[in-house]
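Asker: Take this structure, written in structure tokens, and hold onto it; I'll ask about it next.
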Amino acid sequence: LPVLLAFSAVLGFGGAFISLLLSKWMAKSAMGVRVITEPRSEAEQWLVNTVRQQAQTAGIGMPEVGIFDSPDPNAFATGANKNNALVAVSTGLLNSMRRDEVEAVLGHEVSHVANGDMVTLTLIQGVMNTFVFFLARVIGFFVDKVLLKNERGTGPGYLITVIAAQIVLGILAGMIVAWFSRKREFRADAGGAHLAGTNSMIGALEALRRVHSPTALPEKMQAFGIRSGPPKGWQKLFMSHPPLEQRIAALNNAR
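Residues 1146 to 1400, numbered by the working numbering, are exactly what the sequence shown covers, in order.
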């Protein structure tokens, strides 16, 4: 069992941390992010200056700042650590929100970085991966050896049980990770309110609530965006973000 647990941990954490280390590159590639190295306009200069000021206030290194083309108002932060992050916003967000609301969205994303949310979620995902891999094989061995009386404990019953257990445990693990992610969103909203003002943060979320289109962010990046797609029924259990109404209510209650 110790060997199986160690092997499970290597696989579980290995995949999660590889994704974290490649997150900036993958995000830039998937979303076509143009990193602002030399601002081309007053708006881009304002964007860079705002992120710089918020990063200093939050006590983190200056993130890369980027823009990606999308009519969908969204933004995300990613990166392996607090001093090597990327904050990117969509053209749709810049075109549909007031500057104070954009500032609040940037504050939300900078707060994700300052809170170490990328690393925290990676650790949680690694733990979940490890236990799914480990428990599925323990259950498979038990079913094959104890219930089916196979002496080796690694017969067809083992393989079938492992596959079924991984599916069921994987679903439960996904629900746990999503629950942690939703808790983390409230904290990032509070950080955005601290950096840009509560009214601006609420205004930004209200603006997002008026948009009913699904998010343009790939599924794996939605956890670090400002919002996820609209929830449908039982899918709420797997949402990376709480409903916007709950987030707005939490900010109002914290006044």
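Note that beta-carbon positions come from the ideal geometry of N, C-alpha and C, so glycine has one too.
Considering only C-alpha positions, which residue in the set VAL1307, GLN1270 and ALA1161 is nearest to TRP1324?
Answerer: Among VAL1307, GLN1270 and ALA1161, the Cα nearest to that of TRP1324 is on GLN1270.
Asker: Using CA coordinates, which residue listed in HIS1339, VAL1288 and GLY1204 is at the minimum distance from GLU1248?
Answerer: The candidate whose alpha carbon is nearest that of GLU1248 is HIS1339.
Asker: What is the DSSP secondary structure of ALA1220, counted as helix, strand or coil?
Answerer: Of the three classes helix, strand and coil, the one that applies to ALA1220 here is strand, per DSSP.
Asker: How long is the line joining the alpha carbons of ASN1240 and ILE1316, rounded to whole angstroms?
Answerer: Each residue's Cα considered, the two are about 38 Å apart.
Asker: Which same chain residues end up closer than 8 Å to ALA1399 when comparing Cβ atoms and leaving out the 5 residues on each side of it in sequence?
Answerer: So the list reads ALA1335, ALA1338 and THR1343, once near-sequence residues are dropped.
Asker: DSSP on SER1235, reduced to helix/strand/coil?
Answerer: SER1235: strand per DSSP, three-state reduction.
Asker: Going by the CB atoms, is the gap between GLY1252 and LYS1227 shorter than 8 Å?
Answerer: No, the Cβ-Cβ distance between LYS1227 and GLY1252 is not below 8 Å.
Asker: Would you report the Cα separation of SER1174 and LEU1350, rounded to the nearest angstrom?
Answerer: Their Cα atoms are separated by approximately 27 Å.
Asker: In or out: THR1306 buried (at least 16 other Cβ within 10 Å) or exposed?
Answerer: Classification of THR1306: buried, given that the 10 Å Cβ count is 16 or more.
Asker: Between the beta-carbon of ILE1205 and the beta-carbon of VAL1250, is there less than 8 Å?
Answerer: Contact flag unset, no.
Asker: Using the Cβ count rule (16 or more neighbours within 10 Å means buried), how would you classify GLU1209?
Answerer: GLU1209 should be labelled buried.
Asker: Does DSSP put ARG1392 in a helix, in a strand, or in coil?
Answerer: If DSSP states are grouped into helix, strand and coil, ARG1392 belongs with the helices.
Asker: For the beta strand (DSSP E) that GLU1209 lies in, which residues bound it at each end?
Answerer: Its beta strand (DSSP E) spans residues 1209 to 1213.
Asker: Can PHE1162 and THR1236 be called in contact, C-beta distance under 8 Å?
Answerer: For PHE1162 and THR1236, no; Cβs fall outside 8 Å.
Asker: Starting from the C-beta of ALA1281, find all residues in its chain whose C-beta is less than 7 Å away, skip the five residues before and the five after it, and write them out in chain order.
Answerer: Result list for ALA1281: VAL1307, ALA1310, GLN1311 and LEU1314, in chain order.
Asker: Going straight from the alpha carbon of PRO1216 to that of PHE1158, what length do you get?
Answerer: Between PRO1216 and PHE1158, the C-alpha separation is close to 35 Å.
Asker: VAL1255: which of ASN1229, PHE1276 and THR1275 sits nearest, CA to CA?
Answerer: Checked all of ASN1229, PHE1276 and THR1275; the closest Cα to VAL1255 is ASN1229.
Asker: Do ILE1347 and LEU1382 have their C-beta atoms closer together than 8 Å?
Answerer: No, the pair does not count as a contact, with Cβ atoms beyond the cut-off.
Asker: Quick check on the DSSP output: what are the complete alpha helix (DSSP H) runs of length 4 or more inside the segment 1281 to 1346, in order along the chain?
Answerer: DSSP runs (the alpha helix (DSSP H)) wholly in the segment 1281 to 1346: 1301 to 1341.
Asker: Could you give the DSSP three-state label for ALA1203: helix, strand or coil?
Answerer: Helix, per DSSP.
Asker: Starting from HIS1257 and walking both ways along the alpha helix (DSSP H), at which residues does that stretch end?
Answerer: Looking at the DSSP string, the run of the alpha helix (DSSP H) that includes HIS1257 is 1244 to 1259.
Asker: Given a cut-off of 8 Å on the beta-carbon distance, is the pair PRO1218 and LEU1192 in contact?
Answerer: Their beta carbons are not under 8 Å apart, which means PRO1218 does not touch LEU1192 by this criterion.
Asker: Who are the near neighbours of ALA1165 in its chain, counting only those whose CB is closer than 8 Å to its CB and skipping five residues on each side?
Answerer: It should be noted that the sequence gives Leu, not Ala, for residue 1165. Counting only Cβ-Cβ distances below 8 Å, and skipping sequence neighbours, we find ALA1225, MET1263, VAL1264 and THR1267.
Asker: Would you identify the three-state DSSP class for SER1151, choosing helix, strand or coil?
Answerer: The residue asked about is misnamed: residue 1151 is Ala in this sequence, not Ser. ALA1151: helix per DSSP, three-state reduction.
Asker: Excluding the five sequence neighbours on either side, which residues of its own chain have a C-beta within less than 8 Å of the C-beta of ALA1220, listed in chain order?
Answerer: Once the five neighbours on either side are set aside, the close Cβ partners of ALA1220 are VAL1232, ALA1233, VAL1234, SER1235, LEU1238, VAL1250, LEU1251, HIS1253, GLU1254, GLY1370 and ILE1371.
Asker: Taking the straight line between their C-alpha atoms, what separation do you get for LEU1149 and ARG1332?
Answerer: Taking the straight line from one Cα to the other gives about 36 Å.
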